[in-house]
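Q: Would you mind keeping the following structure in view while I ask a few things?
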Amino acid sequence: MPLELRDDERGNMARCAVGEGLFGTGMGLISVVTVLPILLEKYLGAGEVELGLAFSLGTAGWLLAQPLGMLGLARRRRTKRFLVPWAFGFAVPSYLAMGAAVYLLGVGRPRLCSGIVLGLLAVRILGGGAATPLWFDWQAMIFRRGIRGLAIGMMAGASAAGASLAAVASAGARLTLPFPLNFSLLFCAAVVFFAAGLSVFASVR
184 MPLELRDDER GNMARCAVGE GLFGTGMGLI SVVTVLPILL EKYLGAGEVE LGLAFSLGTA
244 GWLLAQPLGM LGLARRRRTK RFLVPWAFGF AVPSYLAMGA AVYLLGVGRP RLCSGIVLGL
304 LAVRILGGGA ATPLWFDWQA MIFRRGIRGL AIGMMAGASA AGASLAAVAS AGARLTLPFP
364 LNFSLLFCAA VVFFAAGLSV FASVR
């Protein structure tokens with residue numbers, strides 16, 4: 184027989200799904216495998232090396248940071264009081280700085296802007312990836328084994344849905360607004376979704 188969900192479990196599932204959906208939307212607005220390469224190559228004149236570095240950071244960077252994070256953060260308590268500020272500290276300032284760099288340097292100093300964006304991207308991904316195992320551990324502690332798969336599935340689905348909607352919105356912004364305003368606004372919008380998603384995670388009981 185299926186397990187009956189308690190009210191607190193139902194509420195936590197909903198909060199985690201909404202949090203992941205909002206955060207996934209922010210990630211999708213400046214996707215490292217679609218939107219960011221367009222910015223780097225078409226507008227900032229990045230070459231193959233920079234594009235390869237961006238792709239590597241966006242894919243392998245998350246994985247490489249996790250064992251390093253476990254070594255450095257293994258003794259940290261898996262609580263939202265640590266995880267939410269950690270995620271905020273690496274996601275929000277870095278994306279705000281990237282948006283500012285694109286707006287201020289994207290036209291006059293494109294190559295410098297490209298280097299700054301890549302450096303900030305590395306900070307964001309390596310810092311965020313380092314705490315990823317701790318997020319999984321925290322989520323495992325919140326939900327009983329019998330409902331854990333359902334909860335993780337809801338979060339993954341919400342994140343994917345948010346990223347898909349963000350891809351459509353991102354394309355519209357890039358086509359209708361002039362550069363550098365379009366990409367700067369995408370970075371700023373991503374920050375809003377990051378902050379909103381993390382505030383929902385902070386409300387998990």
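Each step along the sequence shown adds one to the number in this note's numbering, with nothing skipped, and position 199 is 382.
Ideal placement from N, C-alpha and C gives every residue a C-beta, glycine not left out.
In this text the structure is predicted, and so the values were computed from the model without any measurement.
#1: Let me make sure I understand the geometry here. Which of MET337, ALA354, ARG193 has the alpha-carbon closest to that of LEU222?
#2: So for VAL387, helix, strand or coil by DSSP?
#3: With a 10 Å radius around its C-beta and 16 neighbouring C-beta atoms as the bar for buried, classify GLU231 as buried or exposed.
#4: Below 8 Å on the Cβ atoms is my guess for ALA339 versus GLY209; work out the distance and round it to an integer in Å.
#5: Report all residues from its chain with a CB closer than 6 Å to the CB of ALA229; omit the five preceding and five following residues, and keep chain order.
#6: Output the distance between the C-alpha atoms of LEU205 and ARG294, rounded to the nearest integer angstrom.
#7: Using DSSP with H/G/I as helix, E/B as strand and the rest coil, what is LEU358?
#8: Can you find a heavy atom of the ligand ADP that lies under 7 Å from the Cβ of ALA378?
#9: Can you list, in chain order, the residues of its chain whose CB lies under 7 Å from that of SER386, leaving out five sequence neighbours each side?
#10: Would you please state the rounded distance, in angstroms, between the beta carbons of LEU304 and LEU240? I believe it to be under 8 Å.
#11: Drop a sphere of 10 angstroms on the beta-carbon of ALA243, count the other beta-carbons inside from all chains shown, and report buried for 16 or more, exposed for fewer.
#12: To the nearest angstrom, how far is it from the Cα of PHE384 to the Cα of PRO268?
#13: Taking DSSP as the reference, what is the three-state secondary structure of MET184?
#14: Answer with buried or exposed for ILE213, where buried requires no fewer than 16 other C-beta atoms within 10 angstroms of its C-beta.
#15: Please report the distance separating the alpha-carbon of LEU279 from that of GLY311.
#16: Go to GLU233, then tell me how far its alpha helix (DSSP H) extends in each direction, as first and last residue.
#17: Runs of 4 residues minimum, wholly inside the stretch 309-340: which ones carry the alpha helix (DSSP H) assignment?
#18: Please identify the residue among ARG189, GLU187, GLY194, GLY272 whose C-alpha is closest to the C-alpha of ARG388.
#19: Please list, in chain order, all residues of the same chain as TYR286 whose beta carbon is under 6 Å from its beta carbon, the five residues on each side excluded.
#20: Excluding five sequence neighbours on each side, which residues of the same chain lie with their C-beta closer than 8 Å to the C-beta of MET196?
A: Here's the rundown:
#1: The residue labelled residue 222 in the question sits at position 39 within the sequence shown. Among MET337, ALA354, ARG193, the Cα nearest to that of LEU222 is on ALA354.
#2: Residue mapping note: residue 387 aligns to position 204 of the sequence shown, counting from 1. Looking at VAL387 - three-state DSSP - the assignment turns out to be coil, as it is neither helix nor strand.
#3: Your numbering for residue 231 matches position 48 in the sequence shown. It counts as exposed.
#4: Within the sequence shown, residue 339 is the residue found at index 156, counting from 1. Within the sequence shown, residue 209 is the residue found at index 26, counting from 1. Their Cβ separation, rounded to whole angstroms, is 16 Å, which puts ALA339 and GLY209 out of contact at 8 Å.
#5: Indexing the sequence shown from 1 puts residue 229 at position 46. For ALA229, where only same-chain residues beyond five positions count, the Cβ hits under 6 Å are LEU223, SER297.
#6: Working through the sequence shown from its first residue, we reach residue 205 at position 22. Working through the sequence shown from its first residue, we reach residue 294 at position 111. Their backbone Cα atoms lie some 32 Å apart in a straight line.
#7: Within the sequence shown, the letter at position 175 stands for residue 358. Three-state DSSP puts LEU358 in a helix.
#8: Ligands displayed in this structure: none; no statement on the ligand ADP is therefore possible.
#9: Translated into the one-based positions of the sequence shown, residue 386 becomes position 203. Closer than 7 Å at Cβ, skipping near neighbours: ARG198.
#10: One-based indexing of the sequence shown puts residue 304 at position 121. One-based indexing of the sequence shown puts residue 240 at position 57. Confirmed, Cβ separation roughly 6 Å.
#11: What you label residue 243 is simply residue 60 of the sequence shown in a count that begins at 1. Result: exposed.
#12: Counting from 1 along the sequence shown, the entry for residue 384 is found at position 201. Counting from 1 along the sequence shown, the entry for residue 268 is found at position 85. Using only the alpha carbons, I get a separation of about 11 Å.
#13: Stepping through the sequence shown from its first residue, residue 184 is reached at position 1. For MET184, the pLDDT reaches just 42, beneath the cut-off of 50, and the residue's location in the model is therefore unreliable, although a value from the coordinates is still provided. When secondary structure is reduced to three states using DSSP, MET184 falls in the coil class, being assigned neither helix nor strand.
#14: By 1-based counting over the sequence shown, the position of residue 213 is 30. Classification for ILE213: buried.
#15: For this step, residue 279 is matched to residue 96 along the sequence shown. For this step, residue 311 is matched to residue 128 along the sequence shown. Computed Cα separation, rounded: 15 Å.
#16: If you number the sequence shown from 1, residue 233 lands on position 50. First-last of the alpha helix (DSSP H) with GLU233: 231-256.
#17: Correct list: 315-325.
#18: Looking up residue 388 in the sequence shown gives position 205. Nearest C-alpha to ARG388: GLY194.
#19: One-based indexing of the sequence shown puts residue 286 at position 103. Closer than 6 Å at the Cβ level, and outside the excluded window around TYR286, lie PRO363, SER367.
#20: Here residue 196 refers to the residue found at position 13 when the sequence shown is read from its first residue. If we look at MET196 and ignore the five residues flanking it on each side, its Cβ neighbours are LEU188, PHE326, ILE330, LEU333, ALA334, MET337.
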